[in-house]
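Asker: Chains B and D, in that order, are what the protein sequence lines are. Numbering-wise (our numbering), the first sequence opens with residue 1 and increments by one. Numbering-wise (our numbering), the second sequence opens with residue 292 and increments by one. Backbone N, C-alpha and C define an ideal beta-carbon position, used for all residues, glycine too. Since this is a predicted model, take the numbers as computed values, not measurements.
There are 2 protein chains.
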Amino acid sequence: MKLIDGNQIATDIIAELKAEVSTISGRKPCIALIRVGEDPASVSYVRKKEKTAAEIGIKSQIILPPITISHEELAALIEEQNNDDTVDGILIQSPMPKQINELLIFRGISPDKDVDGLGTMNIGKIAQDDETGFISCTPAGIMALLARSDVDLKGKHVVVIGRSLLVGKPVALLALQKKAGANGTVTVCHSGTSNLPEIARHADVLIAAIGRPEFVTKDMVKPGAVIIDVGINRVDDDTKKRGYRLAGDVDFSAVSEIASQITPVPGGVGPMTVAMLMKNTVKAYHQRNAS
Amino acid sequence: MKLIDGNQIATDIIAELKAEVSTISGRKPCIALIRVGEDPASVSYVRKKEKTAAEIGIKSQIILPPITISHEELAALIEEQNNDDTVDGILIQSPMPKQINELLIFRGISPDKDVDGLGTMNIGKIAQDDETGFISCTPAGIMALLARSDVDLKGKHVVVIGRSLLVGKPVALLALQKKAGANGTVTVCHSGTSNLPEIARHADVLIAAIGRPEFVTKDMVKPGAVIIDVGINRVDDDTKKRGYRLAGDVDFSAVSEIASQITPVPGGVGPMTVAMLMKNTVKAYHQRNAS
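(1) Would you verify that the beta carbon of B/G108 is, or is not, closer than 8 Å to some beta carbon of chain D?
(2) Would you report the Cα separation of B/R212 and B/A247, rounded to the nearest angstrom?
(3) Please identify the residue among D/A435, D/V442, D/P514 and D/V507 whose C-alpha is closest to the C-alpha of D/P488.
(4) On the premise that B/A200 lies in contact with B/I161, defined as a C-beta separation below 8 Å, what is that separation, rounded to the nearest angstrom?
(5) Which residues mark the beginning and the end of the beta strand (DSSP E) in which B/N233 is found?
(6) Roughly how many angstroms separate the alpha carbons of D/I358 and D/Y336, rounded to a whole number?
(7) Which word fits B/Y244, buried or exposed, when buried means at least 16 other C-beta atoms lie within 10 angstroms of its C-beta?
(8) Apart from the five residues just before and just after B/S70, which ones in its own chain have a Cβ nearer than 7 Å to its Cβ?
(9) What does B/L146 touch in chain D if you count any residue whose Cβ is under 9 Å from its own?
(10) Measuring only the C-alpha atoms, how far is B/N195 from B/L3?
(11) Answer yes or no: does any C-beta atom of chain B fall closer than 8 Å to that of D/M567?
(12) Beta carbon of D/I417, beta carbon of D/L464: below 8 Å?
(13) Would you please verify whether the beta carbon of B/L173 is less than 8 Å from any beta carbon of chain D?
(14) Measure the alpha-carbon distance for B/A41 versus B/T263 and round it to whole angstroms.
(15) Short of 9 Å Cβ to Cβ, which residues in the region 410-422 of chain D face chain B?
(16) Apart from the five residues just before and just after D/G475, which ones in its own chain have a Cβ nearer than 6 Å to its Cβ?
(17) Under 9 Å, CB to CB, which of the residues in the region 477-488 of chain D have a partner in chain B?
(18) Does the contact criterion of 3 or more C-beta pairs under 8 Å hold for the region 279-286 of chain B versus the region 540-559 of chain D?
(19) Note down the Cα distance separating D/T530 from D/C428, rounded to an integer number of angstroms.
(20) By the criterion of Cβ-Cβ separation under 8 Å, what are the contact partners of D/K460 in chain B?
(21) Please report the distance separating the alpha-carbon of B/M278 from that of D/P388.
(22) Determine, using beta-carbon pairs with one atom in the region 259-276 of chain B and one in the region 521-528 of chain D, whether at least three such pairs fall under 8 Å.
(23) Roughly how many angstroms separate the alpha carbons of B/I43 and B/K49, rounded to a whole number?
(24) Should D/G380 be flagged as near chain B, meaning a C-beta pair shorter than 8 Å?
(25) Of all the residues that make up the region 138-163 of chain B, which are near chain D by a beta-carbon distance shorter than 7 Å?
(26) For D/R338, which three-state DSSP category applies?
(27) Would you list the residues sitting across from B/I34 in a DSSP beta bridge?
(28) Does the distance from the C-beta atom of B/Q128 to that of D/L395 stay below 8 Å?
(29) Return no unless some Cβ of chain B is closer than 8 Å to the Cβ of D/L355.
(30) Determine which residues share a DSSP beta bridge with B/D229 and list them.
(31) My assumption, with CB atoms under 8 Å, is that D/I354 sits in contact with D/L368. Please give the rounded CB distance.
(32) Which bits of chain B does D/L394 rub up against, with CB to CB less than 8 Å?
(33) Considering only their Cβ atoms, is the gap separating B/G6 from B/G268 smaller than 8 Å?
(34) Counting contacts by CB-CB distance shorter than 8 Å, is B/L166 in contact with chain D?
(35) With DSSP as the reference, please indicate the residues paired to D/L537 in a beta bridge.
(36) Give the DSSP bridge partners of D/Q552, in chain order.
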């Protein structure tokens, strides 16, 4: 069994981006990071993005509207960033407060700056195999983990557990694409699937994104399968100081005995997301400069 | 075995639309039908759309640019239709000549008038389960055939053969949606799938859209499965006056012996496409009037 080390792969990508950005003379790429309110997890995520951007040499512009901002005011704020020529990418941290229609806010980001890839146009571009699009950070991270672990999906059966817009659907469309590394046969299962363990056992590559701790047990896995665990779940654990431990969607200790390659949680898909956001920002910079 | 009669179901939908449109006082829905050049198949398709629109009471506006039109001129022509308030839907007949970038032309249709559903935004809306979107006519027709044949995909395994943007990918996303009639478990196979017959045999609902005559044989079908045949292939046949016969992607005579329900070719999915185009046009009319 080989561990797929997301920390190491993310570090490599960040180093590559740093080298690339260092060759840019003149204006450097810039990402606008918008965080509504003071949710502690959001504060920490945005800080991590700001820090990684700085490490690479990407400028970041932090915008902190109050939690009371109206939908229209937030839409107007995004329109300002759309029209600001010095901004290449726009990220709005989720979750947003209840008065905000997230779908419309994401759709309102100019598609050429939508580096988080959650706008409707960029989701459509995945289905169209359109390489100008931005793939959202978790599915992009999964594909990068597979590529850098020499997993070619061609002729393989990829089973995705979970049909979310953030992970399951885009990663299924990516695995289906007619491009090197992809060309997989893809099944999407979910909470309503009647014979999920049997279907999972057919997987050459199993992507678990259902949000249930240790849902994928050893009996659901074909020996030699590649396992990508997208879940990050809190499980009560009195032996831990904070009262919980983090668990993925896969029973790692048992499944790792038979998998050929597997991502750990934490340290698998998680660290990839910020790296892919930065990669998208550099791509947006180049595409905007070329057009 | 029950035959799924696409001609009858399309006739029913057209009659329902006619009744609906007859209640509209004032301006009636209007579709712009754009056909580039004089390709005989395109001439016949556009004529059929015009005739069906007239039958329902939808106004149509036929626009016939020459085969030599440039990409920029066609884009400008579409922009005129986008800006014409009396036009609710815009259809551009495929195929277009080589100098035209079809992807960008479809993307250039205003999403609220994209009744053929081939623009990037409307494809993205399918993934988002966004009911304001327009679903392209073939996948929409397949879902309507299933719904009107009392096939509920919930808990069922749907296997789609073919991953095209026109059929395979959108119908897979539709079958996955969290809405009544959908909620299927979905597998997409294609020419690069290594064990396609085995996967097909797991299907409760099998959708064949691979473009190969009689590709799906009896041994690839689970007894009792529902079969949707999207293929329309010409097969040489000297006994026919025109020298060929039309064949679907399914070996109808053998597969119909074990299927619970099956579409014929012709007379299955084919007649549904024009009906769904008209349904989308009436929907566009209502959405544009409401906004």
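Answerer: So, from the data block:
(1) If you number the first sequence from 1, residue 108 of chain B lands on position 108. Not closer than 8 Å to any Cβ of chain D, the Cβ of B/G108 fails to qualify, so no.
(2) Position 212 of the first sequence, counted from the first residue, corresponds to residue 212 of chain B. Position 247 of the first sequence, counted from the first residue, corresponds to residue 247 of chain B. Straight across, the Cα-Cα distance linking B/R212 with B/A247 is about 9 Å.
(3) Stepping through the second sequence from its first residue, residue 488 of chain D is reached at position 197. For the options D/A435, D/V442, D/P514 and D/V507, the alpha carbon positioned closest to that of D/P488 is the one of D/V507.
(4) Within the first sequence, residue 161 of chain B is the residue found at index 161, counting from 1. Within the first sequence, residue 200 of chain B is the residue found at index 200, counting from 1. B/I161 to B/A200, Cβ: 7 Å. Contact.
(5) What you label residue 233 of chain B is simply residue 233 of the first sequence in a count that begins at 1. That run of the beta strand (DSSP E) goes N233 to D236.
(6) Walking along the second sequence from the start, residue 358 of chain D turns up at place 67. Walking along the second sequence from the start, residue 336 of chain D turns up at place 45. Approximately 17 Å, taken between the alpha carbons.
(7) Start at 1 with the first residue of the first sequence, and residue 244 of chain B comes out as number 244. The residue in question, B/Y244, is exposed, as its Cβ has fewer than 16 Cβ neighbours within 10 Å.
(8) Within the first sequence, residue 70 of chain B is the residue found at index 70, counting from 1. Excluding residues within five positions, the ones whose Cβ falls inside 7 Å are Q99.
(9) Within the first sequence, residue 146 of chain B is the residue found at index 146, counting from 1. Against chain D, the beta carbon of B/L146 has no neighbour under 9 Å; the closest one sits roughly 16 Å away.
(10) In the first sequence, the residue the question calls residue 195 of chain B occupies position 195. In the first sequence, the residue the question calls residue 3 of chain B occupies position 3. Approximately 28 Å, taken between the alpha carbons.
(11) By 1-based counting over the second sequence, the position of residue 567 of chain D is 276. For D/M567, the answer is no, since every Cβ of chain B falls outside 8 Å of its Cβ.
(12) Here residue 417 of chain D corresponds to residue number 126 of the second sequence, with the count starting at 1. Here residue 464 of chain D corresponds to residue number 173 of the second sequence, with the count starting at 1. Contact: yes.
(13) Within the first sequence, numbered from 1, the residue matching residue 173 of chain B stands at position 173. Interface residue, yes.
(14) Looking up residue 41 of chain B in the first sequence gives position 41. Looking up residue 263 of chain B in the first sequence gives position 263. So the two alpha carbons sit approximately 23 Å from each other.
(15) Cβ contacts with chain B: G410, T411, M412, N413, I414, G415, K416, I417, A418, Q419, D420 and D421.
(16) On the second sequence, residue 475 of chain D is found 184 positions in, with the first residue counted as 1. The residues are L444, K447, V449 and A466.
(17) Within the region 477-488 of chain D, the qualifying residues are V477, T478, V479, C480, H481, G483, T484, S485, N486 and L487.
(18) As far as the Cβ criterion goes, the region 279-286 of chain B does not touch the region 540-559 of chain D, which means the pair count is below three.
(19) As a position in the second sequence, residue 530 of chain D is number 239, starting the count at 1. As a position in the second sequence, residue 428 of chain D is number 137, starting the count at 1. Answer to the nearest angstrom: the Cα atoms are 33 Å apart.
(20) Position 169 of the second sequence, counted from the start, is the residue given in the question as residue 460 of chain D. Those within 8 Å of D/K460 in chain B are A127, L173 and L176.
(21) In the first sequence, the residue the question calls residue 278 of chain B occupies position 278. In the second sequence, the residue the question calls residue 388 of chain D occupies position 97. Answer to the nearest angstrom: the Cα atoms are 39 Å apart.
(22) No: fewer than three Cβ pairs fall under 8 Å.
(23) The count along the first sequence starts at 1 and reaches residue 43 of chain B at position 43. The count along the first sequence starts at 1 and reaches residue 49 of chain B at position 49. Sequence check: residue 43 of chain B is Val here, not Ile. Going by the C-alpha atoms only, they are around 10 Å apart.
(24) Here residue 380 of chain D refers to the residue found at position 89 of the second sequence. No, its Cβ sits nowhere closer than 8 Å to a Cβ of chain B.
(25) The region 138-163 of chain B vs chain D, Cβ under 7 Å: K154, G155 and R163.
(26) To locate residue 338 of chain D, count along the second sequence from 1; it is residue 47. Note: D/R338 maps to helix in three-state DSSP.
(27) Taking the first residue of the first sequence as position 1, residue 34 of chain B is located at position 34. Answer by DSSP bridge pairing, in chain order: B/I63 and B/I92.
(28) Sequence index remark: in the first sequence, residue 128 of chain B carries index 128 (1-based). Sequence index remark: in the second sequence, residue 395 of chain D carries index 104 (1-based). It is not a contact, given that the beta carbons lie outside the stated cut-off.
(29) Taking the first residue of the second sequence as 1, we reach residue 355 of chain D at position 64. Under the Cβ criterion of 8 Å, D/L355 is not counted among the residues facing chain B.
(30) Along the first sequence, read from residue 1 onward, the residue named residue 229 of chain B stands at position 229. DSSP output for B/D229 lists B/A208 as bridge partner(s).
(31) Within the second sequence, the letter at position 63 stands for residue 354 of chain D. Within the second sequence, the letter at position 77 stands for residue 368 of chain D. Beta-carbon to beta-carbon, D/I354 and D/L368 are separated by about 7 Å, close enough to satisfy the 8 Å threshold.
(32) Numbered from its first residue, the second sequence carries residue 394 of chain D at position 103. Within 8 Å of the CB of D/L394, the CB atoms of chain B belong to Q128 and D130, in sequence order along the chain.
(33) Position 268 of the first sequence, counting from 1, holds the residue named residue 268 of chain B. Position 6 of the first sequence, counting from 1, holds the residue named residue 6 of chain B. Yes; because the gap between Cβ atoms is below 8 Å, this pair is in contact.
(34) For the purposes of this step, residue 166 of chain B is identified with residue 166 of the first sequence, where counting begins at 1. Not closer than 8 Å to any Cβ of chain D, the Cβ of B/L166 fails to qualify, so no.
(35) Translated into the one-based positions of the second sequence, residue 537 of chain D becomes position 246. By DSSP's assignment, D/L537 forms a beta bridge with D/R525.
(36) As a working note, residue 552 of chain D is residue 261 in the second sequence. Note: D/Q552 sits in a beta bridge opposite D/K293 and D/V517.
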